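S.K.:
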Amino acid sequence: MTSGSPLSDDLRGVLVFMHVSRSLDAKTISQWTGVPKRTVFRVLSNWRKTGGVKQVTEEKRGRPRALDFADTKFIMGTVNRYNDRYLDELKDMLEERCNVKVSESTIWRTLNRVGFRMKMVRV
């Protein structure tokens, strides 16, 4: 198994089946399947708690983004149309048209996140 890749629900079911039907311990299941022993323990623990093998999804962590989808689309459209704008100009346009007050660094990070890269200007 590759490290960090999520297990499918089918494989989780197989791990539980091996434990229940053959009375295998986590170490043996880990050796036979190649799934780390800690992962086998976690799958069996979740199965005991919930009665199912579906992967438990976690909620998003951290602070919500300051710019929502519409604001990001506005910035992308503005940069595509007027590609020579500075960050402070984008900030002023965003505040004027979308009523959103953010810093220039937030706009910079948003542009990087959606795939815009900096072009060096030669003097």
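The sequence shown begins at 1363 in the numbering used here and counts up by one.
Ideal Cβ placement from N, Cα and C applies to all residues, glycine included.
Everything numeric in this text was worked out from a predicted model, so none of it was measured.
Which two residues bound the contiguous alpha helix (DSSP H) that contains Lys1411?
M.R.: 1399-1412
S.K.: Whole angstroms is fine: what's the gap from Gly1477's alpha carbon to Lys1422's?
M.R.: 22 Å
S.K.: Taking the alpha helix (DSSP H) that Glu1451 belongs to, which residues open and close that run?
M.R.: Going by DSSP, Glu1451 is part of the alpha helix (DSSP H) stretching over 1449-1460.
S.K.: Provide the residue span of the alpha helix (DSSP H) that contains Glu1420, from first to last.
M.R.: That residue, Glu1420, is in no alpha helix (DSSP H); it is neither H nor E in DSSP.
S.K.: If I'm right that Thr1440 touches Leu1452 with Cβ under 8 Å, what's the distance once you round it to whole angstroms?
M.R.: 6 Å
S.K.: Leaving out five residues on either side along the sequence, give the residues of the same chain with a beta carbon under 7 Å from the beta carbon of Thr1434.
M.R.: Thr1472, Val1476
S.K.: Leaving out the 5 sequence neighbours to the left and right, which residues in its chain are closer than 7 Å to Met1455 when beta-carbon positions are compared?
M.R.: Thr1440
S.K.: In the DSSP assignment, find the alpha helix (DSSP H) that holds Gly1375 and state where it starts and stops.
M.R.: 1371-1384
S.K.: Mind reading off the beta-carbon distance from Val1405 to Val1378? Whole number of angstroms is fine, and I expect it under 8 Å.
M.R.: 7 Å
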